[in-house]
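Okay, so the sequence shown: first residue is 816 according to the working numbering, each after it adds one.
Yeah, the Cβ is synthetic: ideal placement off N, Cα and C, and Gly gets one too.
On a predicted model such as this, the values are computed, not experimentally measured, just so you know.
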Amino acid sequence: MSDLPRKAVTRTAKLAALPLGFAGRATWGLGKRIGGKSAEIVAREVQQRTADQLFKVLGELKGGAMKLGQALSVFESALPEDVAGPYRAALTKLQEAAPPMPTRTVHGVLAERLGEDWRDLFAEFEDQPSAAASIGQVHRAVWHDGRHVAVKVQYPGAGEALLSDLTQLSRFARLLGPLVPGMDIKPLITELRDRVSEELDYELEAGAQQEHAVEFADDPDVAIPAVVHQSDQVLVTEWMEGVPLSEVIADGTTEQRDRAGQLLSRFLFSGPARTGLLHADPHPGNFRLLPPADVTAGEVDGPDHDLGQWRLGVMDFGTVDRLPGGLPRTIGDALRMTLEGDADGVYAMLREDGFVKESIDLEPEAVLEYLLPIIEPAQADEFTFTRSWLRSQAARIADPRSPAHQLGKQLNLPPSYLLIHRVTLSTIGVLCQLGATVRLRDELESWLPGFLPDCEPDEEDSAEEGTAVEV
């Protein structure tokens, strides 16, 4: 039997206790203040206890609870620093690990899905998992042909747990709102729930990962592990060494942070252009910074090496957005026109694509003023993503008294842009955690349709018409 609680009543009881815990800690804090402790010290203690309970429960339950925790983890940069501190350590735990399944459960799944002789497929198999995530855990092994592989085993009952958790969490989504200022948690939970069937389908995941692995096989900047074997609830891929992005965030040098941020931005925009797929789970646990072939991952803090040769390793393709034509051209056109100050053009495009409903009239100049601070990273040749910048953006949009808040409530996000929007915000959150200086404009010019104005080719260049932008 798995340690993933499968009875709905068990999981519901654990999740339902969270709001009661929040209320209890508020009462406890009031008592401490009456007893003479300063408000600042009490607030810190309450936040720490809240973080510990919230993310301990989300991590223990795995399933949809942990999935939500991971999705929220990239937004801690938006919190005021005195609030973010207590949450940061608890959030980071959700990016890399969770309590493992019992060994007998793992062996049972492998026997059921790969056959009773499953051990013959492996020269070696480590029973202790190397990582545990929301719906499955990963074991290191050696395939029968000598390749080092990662074996992803899905938790029994994961589908039921995902749906149950996300349904329950949506009932008290408002209580989670303060974790991410300016963001409505309920649509995020709904979107995660809508993706459950894809997340559980390892055949879909294997297909998406292999498409990326083939496309990026010889890429100097991005590495994707190839798929070795796939069956229902078991996925075997090549093993990937490297430095987890969470470690780069915590202890990396400025050069490592900048390199990781540049490559993450490049992958965000180049992936859809090259594969027609958008990797839609960009939390730090799914990325590695890979050293050159002559450097081991353990030397990350050792002698200086040419960081320009380091690559970004990308894992976990369980959730992707299928974009056959790449990212929508509307995004590039709107960004370009916003930077050009074309308020009327931007407004007309947003209305045509459903970002402004027909029943609402807005001032084009006000819309431009709302957008310009958000796209500030695209204005400069290079931009340093910081927690303070993200906090200022979150505060601007979250403050009910601000014009930006009022205008933001009137804008509409069409369903086809929901996942793109979440992935973009999540990636920005990770860049701010890294504190990376990134040449974002380079990536936009290279990969985002519409960002560069259309040019009429000269006659001698007509043969080149339609070719991709060279990078």
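Sub-9 Å separation of residue i and residue j beta-carbons
{"i": "residue 1226", "j": "residue 1171", "result": "yes"}
{"i": "residue 944", "j": "residue 964", "result": "no"}
{"i": "residue 1094", "j": "residue 1027", "result": "yes"}
{"i": "residue 925", "j": "residue 1049", "result": "yes"}
{"i": "residue 1058", "j": "residue 1071", "result": "yes"}
{"i": "residue 930", "j": "residue 971", "result": "no"}
{"i": "residue 1246", "j": "residue 1200", "result": "yes"}
{"i": "residue 1265", "j": "residue 1166", "result": "no"}
{"i": "residue 1131", "j": "residue 1020", "result": "yes"}
{"i": "residue 1208", "j": "residue 1215", "result": "no"}
{"i": "residue 1223", "j": "residue 1212", "result": "yes"}
{"i": "residue 1089", "j": "residue 1031", "result": "yes"}
Cβ-based neighbour list, residue i, same chain, cut-off 7 Å, excluding 5 preceding and 5 following
{"i": "residue 1137", "result": "1091 and 1092"}
{"i": "residue 1052", "result": "964, 965, 1024, 1040, 1041, 1042 and 1043"}
{"i": "residue 933", "result": "925 and 926"}
Residue i: CB within 8 Å of a non-hydrogen atom of the ligand ADP
{"i": "residue 1176", "result": "You won't find the ligand ADP in this model; it holds no ligand whatsoever."}
Where residue i falls: helix, strand or coil (DSSP)
{"i": "residue 1013", "result": "helix"}
{"i": "residue 1050", "result": "strand"}
{"i": "residue 809", "result": "With the chain covering only 816 through 1286, there is no way to say anything about residue 809."}
{"i": "residue 1041", "result": "coil"}
{"i": "residue 1195", "result": "coil"}
{"i": "residue 955", "result": "strand"}
{"i": "residue 1171", "result": "coil"}
{"i": "residue 1005", "result": "helix"}
{"i": "residue 1095", "result": "coil"}
{"i": "residue 920", "result": "helix"}
Own chain, CB closer than 6 Å to residue i, minus 5 neighbours either side, in chain order
{"i": "residue 1107", "result": "1124"}
{"i": "residue 1085", "result": "1262"}
{"i": "residue 1073", "result": "1251 and 1252"}
{"i": "residue 918", "result": "942"}
Alpha helix (DSSP H) segment containing residue i, residue limits
{"i": "residue 1066", "result": "1060-1066"}
{"i": "residue 1263", "result": "That residue, residue 1263, is in no alpha helix (DSSP H); it is neither H nor E in DSSP."}
{"i": "residue 934", "result": "Per DSSP, residue 934 belongs to no alpha helix (DSSP H) and is neither H nor E."}
{"i": "residue 1184", "result": "1179-1186"}
Cβ shell of residue i (< 8 Å), same chain only, five flanking positions each side left out
{"i": "residue 939", "result": "956 and 957"}
{"i": "residue 1238", "result": "1083, 1093, 1094, 1095, 1097 and 1136"}
First and last residue of the uninterrupted beta strand (DSSP E) at residue i
{"i": "residue 1135", "result": "1135-1137"}
{"i": "residue 1246", "result": "No beta strand (DSSP E) contains residue 1246, which is instead part of the alpha helix (DSSP H) from 1233-1249."}
{"i": "residue 1082", "result": "Taken as a continuous stretch (DSSP letters only), residue 1082 belongs to no beta strand (DSSP E), being part of the alpha helix (DSSP H) at 1069-1090."}
{"i": "residue 1128", "result": "1126-1129"}
{"i": "residue 1103", "result": "1102-1105"}
{"i": "residue 1209", "result": "Careful: residue 1209 lies outside any beta strand (DSSP E), inside the alpha helix (DSSP H) at 1202-1213."}
{"i": "residue 965", "result": "963-969"}
Requested in this report: Say whether the segment 1100-1107 touches the segment 1143-1150, bearing in mind that this needs 3 or more beta-carbon pairs closer than 8 Å, one atom from each stretch.
Outcome: no
Requested in this report: Spell out a yes or no on whether the segment 1163-1179 and the segment 1189-1208 are touching, meaning 3 or more CB-CB pairs, one atom from each, closer than 8 Å.
Outcome: no
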